[in-house]
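For the sequence shown, position 280 matches number 872 in the working numbering, and the numbering has no gaps at all. All C-beta atoms in this analysis are idealised placements derived from N, C-alpha and C, irrespective of residue type, glycine included. Structure record follows, encoded as structure tokens.
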Amino acid sequence: MKKLLAVLISAVMLVAALTVAVSAEEKLPSEYEAQAVYGTPTIDGEVDNIWDNAQLNRIENFFADDGITEHPQAKFRIMYDEFYLYILVEVNDPTMGDLDWEKLSTGGNLWKRDAVSFTFAPDYNRDITDKQEAPAFWYIIGAYGTTANWNGVPAGVFLSEELEFVPAEANDLEKFPHDKRMYAITYKTDASGYNVGYTMECKINLKLRYDALKLEPGTKIGFDIYLNDNNNILLSATRNIGLTWTGDVNSYKNNSVKGTILLADKNVAFEQPVETVTEAPVTTEAPVVTTEAPVVTTEAPVVTTEAPVVTTAAPADDTTAAPADVTTAAPAVTTEAPAEKKGRGSSTASVMAAVAVLGCAVVFKKH
């Protein structure tokens, strides 16, 4: 009995150890950190060689997924100098539409379109907040260049340094062309000329929002970035996929779950990871052929007379939608808990199965 108890205690300790190990692999939203390297890129929507030194970060935590749309892929890099923060965003989007489609399908609601959202806490406030408190702010840039600004942030922060306020014609690309903006966008096309992604290059004047900010090595800035994806193949009128860097959709208003931008030393440079595509193995072996006659059974099929199980539960409400864009209020966000990390359940089940086998072995030996 004592041996059996010892085995069970050891197994429980092993389960606890594995659970701690799995938990340690999980990253809290506030633990996300992106290092910004020193340099001054040209803002033209092109990935110049200077970006080769910048750290690559991926936007891959889902907060909305319709279960149908092919998932986009997005990554970003950050640079800084004494005057600005620079962000490069690269998006692969196989369901991207065009400007006319975006206007037709979603009106003025940029969160429903292909768009990138940025949120900053330039004072690096890490308090729990339930709204965007200055100097923190949040805005969206659409894939086709239009913008939305929910905090009344001066236009010189992200739109144009020639403007004090965001003008009414800011989203009229003819009256306010891209060469007057602090961001540039280029597009990726397939062989037929269909848009399948975009590159967005931005410069942000955070000092205009928070004049105490020092753009120097060691400075930390609260930050998160979102990707909104509209599926024009489905003729969708809303957001189909939503991704965020930190994994917490509330980071736009809650400073405590924002990630961190760390301004690195001026001599820091990163190597870009090699993008590899894994191809399925090819086999040349001949298929196995059998000449045996199939087994035939004459037994009557089993028939069940049980009534089918019927559920009367109401479907869950859709909580991924955000309100229409306005310039004074942030859109509502989902309060759904993030999906559990894969792997923990299978690890625990394997350990518990091992415990059962060990217990049986001990009992068998005793008898």
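*With a cut-off of 8 Å on the beta carbons, I'd call F813 and T687 a contact; round off their distance for me.*
It is worth fixing the name first, because residue 813 is Ile in this sequence and not Phe. No, I813 and T687 are not in contact; Cβ-Cβ is about 32 Å, not under 8 Å.
*Report, in whole angstroms, the separation of the C-beta atoms of I635 and Y775, which I expect to be a contact under 8 Å.*
7 Å
*Give the range of the alpha helix (DSSP H) segment to which R801 is assigned.*
798–801
_Within a Cβ cutoff of 7 Å, which residues of the same chain sit near E662, ignoring the five residues on either side of it in sequence?_
P686, T687
*K767 versus S752 - alpha carbon distance*: 13 Å
*As assigned by DSSP and simplified to three states, the class of V849*: helix
*Check whether the Cβ atoms of K845 and D722 lie closer than 8 Å to each other.*
yes
*Assign S709 to buried or exposed, taking buried as 16 or more other Cβ atoms, counted over all protein chains shown, within 10 Å of its Cβ.*
buried
_Taking only three categories from DSSP, how would you classify A924?_
Model confidence at A924 stands at a pLDDT of 39, short of 50, so the residue's coordinates are unreliable; what they give is reported in the following sentence. It is coil, neither helix nor strand.
*How would you label L758, buried or exposed, when you count the other beta carbons within 10 angstroms and need 16 or more for buried?*
Residue identity differs from the one stated: residue 758 is Val in this sequence, not Leu. Buried, by the Cβ-count rule.
*Report the three-state DSSP secondary structure of K695 (helix, strand or coil).*
helix
*Can at least three beta-carbon pairs, one atom from the stretch 740–748 and one from the stretch 800–809, be found at a separation below 8 Å?*
yes
*Where in the stretch 727–786 do unbroken runs of the beta strand (DSSP E), each at least 3 residues long, occur, reported from the N-terminal end onward?*
729–734, 739–741, 775–781
*Excluding the five sequence neighbours on either side, which residues of its own chain have a C-beta within less than 6 Å of the C-beta of L702, listed in chain order?*
I732, G734, A740, D917
*Are V639 and T791 close, meaning C-beta to C-beta below 8 Å?*
yes
*Kindly give me the distance between the Cβ atoms of E756 and K772, rounded to whole angstroms, as I take these residues to be in contact under 8 Å.*
At roughly 14 Å, the Cβ-Cβ gap does not stay under 8 Å, so E756 and K772 are not in contact.
_Helix, strand or coil at F841 [DSSP, three-state]_ = Note on residue identity: the sequence assigns Val, not Phe, to residue 841. In this structure, V841 counts as helix in the three-state DSSP scheme.
_Y672 vs A628 beta-carbon contact at 8 Å_ = yes
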